[in-house]
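Data block below; observations after.
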Amino acid sequence: MATQHVQRMSRLMARTLREDPADAETLSHRLLVRAGYVRRSSAGVWTWLPLGKRVLENVSRIVREEMDAIGGQEVLLPALLPREPYETSGRWSEYGDLLFRLKDRKGADYLLGPTHEEIFTLLVKDQCTSYKDLPVILYQIQTKYRDEARPRSGVLRGREFQMKDSYSFDVSDEGLAESYALHRAAYRRIFTRLGLDHRIVSAVSGAMGGSASEEFLAPAAAGEDTFADCPGCGYAANTEAVTFPLAGEGAAAAGEHPPLEEIPTPGTPTIETLAAHLGVPASATLKNLLVKVDGEITAVGVPGDREVDLGKLAEHLAPAEVELVTAEDFADRPDLVRGYVGPQGLGKVRYLADPRVAPGTAWVTGANKPDTHARNVVCGRDFQVDRYLDVAVVEPGDPCPQCGAGLRLDRAIEVGHIFQLGRKYADAFGLDVLGREGKPVRVTMGSYGIGVSRAVAALAEQTADERGLSWPAEVAPADVHVVAAGKAVQLALAEQAAEALAAAGRRVLLDDRAGLSPGVKLTDAELIGVPWILVAGRRAGESVVELQHRASGTREELPLPEALARLT
Ligand code: ATP
Ligand code: MG
Ligand code: MG
Ligand code: MG
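First residue of the sequence shown? That's 20 in the working numbering, and the numbers climb one at a time after it.
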């Protein structure tokens, strides 16, 4: 192994703090700031200091190695993007406030990329013309921008953050399935190498669109996601994606509810006008959004598989009065729906019904019948849905949709998300290649993300203890933290140890700071969380050091040569 430089703490840009930052809610946020890994620049925007940058680079390196191993080609696209492609896909408006938008000096609209499906689609359209050019997997590790409503928890949820995003392009559905499987396997290897405890769960596709998607969740108390997990059959899903059989259909049909009433609401948009307004293709999958019109719960067809800005919808539903449906609205209507409005709330409604709504279902609600809204719409009587998606209402012990055993619920951090997009973006941009038979073939796509900066915080969440951070070896900012716990004799021995370790290829952090007590240095070493701590202290005169293993807390006094032999 190549000789390494010794990083001296006396020169290191990292000031450890005794106190938790005032606004820090999660363990990783507190510790990464206190140990001098990151500094807050503005809300959700972070500076990575040398120790943090090293961990970030280690995570990136592992991601890169595994992406290269499945044939991924690394590229770097701009973060500053023109409006037009996002207008074409519909996401310029669909993303709403999440998008950072800006204008250039000529007044042209730009955005800072939140994810790059559009731009990769255009790149491949420009570069690939024949089926022979495919399949292709492209990836980048890049800064992403999302104006998150609640940028808290430090780098777990940034407004500027690092993401590895990759995109696969295939000519057939089988090809896409293969590219997806390659990513799934690569992600398992990545998270295993990172030392991150993780689960793969079914997910909903959200703003990406498309059909199948799975998330990689790292169980942790600080996580903002909840996943249901079946001890019986191994079923695991984000609670956003748990689907239950519809309950109470019979009761609804038996006529215990007021009759359906159609209200003329001139100017109510149809799916087409809504689609145009929201800037999405009218051919997008229809889902149903429940809202209150004149105090009654009703449903409105909404194009696409994504969050919808209710404010915008309301404008177009005038003159009827539209309100957000909340979970309370369902308290006495168990027949109607199993839940609603996620913790996201705040003017956004998502996932009211499953995309697998029976085809040909006669929707009698506002957006499906021009100039009309329906009152007293009752599920099971007035429309049929085979399943509902639930956001907030899955409870521990609810029956597993696969085997009926009681579900467990746990908190987790979403560290990765893989999507089979299908032809959504290829359709929007007309991405075809010449097929084997000489005719154009529409390309099918997948997109795959890993939160690289978030993974750093997720690892911190899972591995830290009350004394500080404790990194797995492959991502740690150093292999050994050598502490000179004393004056001249200790410093001389520590220097000797550090040089020997560095010569043997170990990455060394040397606490050579003058004027600090051994206690302060040891507390800092535990806070910083390098896997091994080698202390030149009490018995330095006889060349005996103490070797501490940070994660297990074991310590042992050893002659220096023996300690070095253990570490090299
Ligand atoms: P979340 O549900 O946490 O908002 P997301 O589902 O919006 O995440 P994706 O669009 O699936 O995120 O992006 C791919 C990956 O990027 C996520 O799995 C996550 O690891 C990471 N990521 C997303 N948003 C952020 C953020 N604000 N800060 C840090 N990492 C993020
Ligand atoms: Mg998000
Ligand atoms: Mg998510
Ligand atoms: Mg996601």
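Where a beta carbon is used, it is the ideal one built from N, C-alpha and C, also for glycine.
Look at the beta carbons and you see the region 502-514 not touching the region 62-81: under three pairs across the two are nearer than 8 angstroms. Judged by DSSP in its simplified three-state form, A533 adopts coil rather than helix or strand. The region 543-552 and the region 44-59 touch, with no fewer than 3 CB-CB distances between them shorter than 8 angstroms.
In chain order, A503, Q509, L512, A513, V564 place their CB closer than 6 angstroms to the CB of A555, counting only its own chain and leaving out the 5 sequence neighbours on each side. The three-state secondary structure of G425, taken from DSSP, is strand. Assignment of V78 by DSSP, reduced to helix, strand and coil, places it in the helix class.
DSSP, reduced to helix, strand and coil, places Y206 within a helical segment of the structure shown.
In terms of side-chain proximity, the C-beta atom of S472 is found nearer than 7 angstroms to a non-hydrogen atom of ligand 1. Per DSSP, the beta bridge partners of Q161 are M182. A residue is called buried when at least 16 other Cβ atoms come within 10 angstroms of its Cβ; P97 does not meet this threshold and is exposed. Burial check for D116: the Cβ neighbour count within 10 Å stays below 16, so the residue is exposed.
Distance from the Cα of D152 is smallest, within the candidate group Q567, D531, G454, for G454.
Sequence-distant Cβ neighbours of P170 in its own chain, meaning closer than 6 angstroms and more than five residues away, are A62, G63, R176, R178. Measuring C-alpha to C-alpha distances from M20 to each of A523, L488, A477 identifies A523 as the nearest. Here the alpha carbons of L99 and G132 stand approximately 6 angstroms from one another.
D446 carries a helical assignment under DSSP once its states are collapsed to helix, strand and coil. Taking all protein chains in view, the Cβ of T148 is surrounded by fewer than 16 other Cβ atoms within 10 Å, so the residue is classified as exposed.
If you draw a 10 Å sphere on the C-beta of P578, you find fewer than 16 other C-beta atoms in it, and that means exposed. Between S185 and Y158, the CB-CB gap stays under 8 angstroms. Three or more Cβ pairs closer than 8 angstroms define a contact, and the region 191-199 falls short of that threshold against the region 74-85. Secondary structure note for W65: its beta strand (DSSP E) is the uninterrupted segment 64-67. Distances between the C-beta of E433 and the heavy atoms of ligand 3 include at least one below 7 angstroms. In this structure, L566 places its C-beta atom within 8 angstroms of the C-beta atom of E575.
P550 is positioned such that its CB atom lies no closer than 8 angstroms to that of D429. Inclusion of F180 and R473 in the CB contact set at 8 angstroms is warranted, their separation being smaller than that value. Going by DSSP, V508 is part of no beta strand (DSSP E) but of the alpha helix (DSSP H) stretching over 507-522. Counted as a single uninterrupted DSSP element, the stretch harbouring P420 is not any alpha helix (DSSP H), since DSSP gives it neither H nor E.
Assignment of A504 by DSSP, reduced to helix, strand and coil, places it in the coil class.
In the three-state DSSP reduction, P104 falls in the helix class (H, G or I).
Classified as buried, K443 has 16 or more neighbouring CB atoms from the shown chains inside 10 Å of its CB.
At least one heavy atom of ligand 4 lies less than 7 angstroms from the C-beta of E234. Taking the Cα positions, C419 is about 19 angstroms away from L236. Between T45 and G173, the C-beta spacing is below 8 angstroms. According to DSSP, residue pairing for Y467 in a beta bridge involves S185, I437. Residue nearest to D446 within the set V143, T463, V471 is T463 (criterion: CA-CA distance). Under the three-state reduction of DSSP, E113 is assigned to helix.
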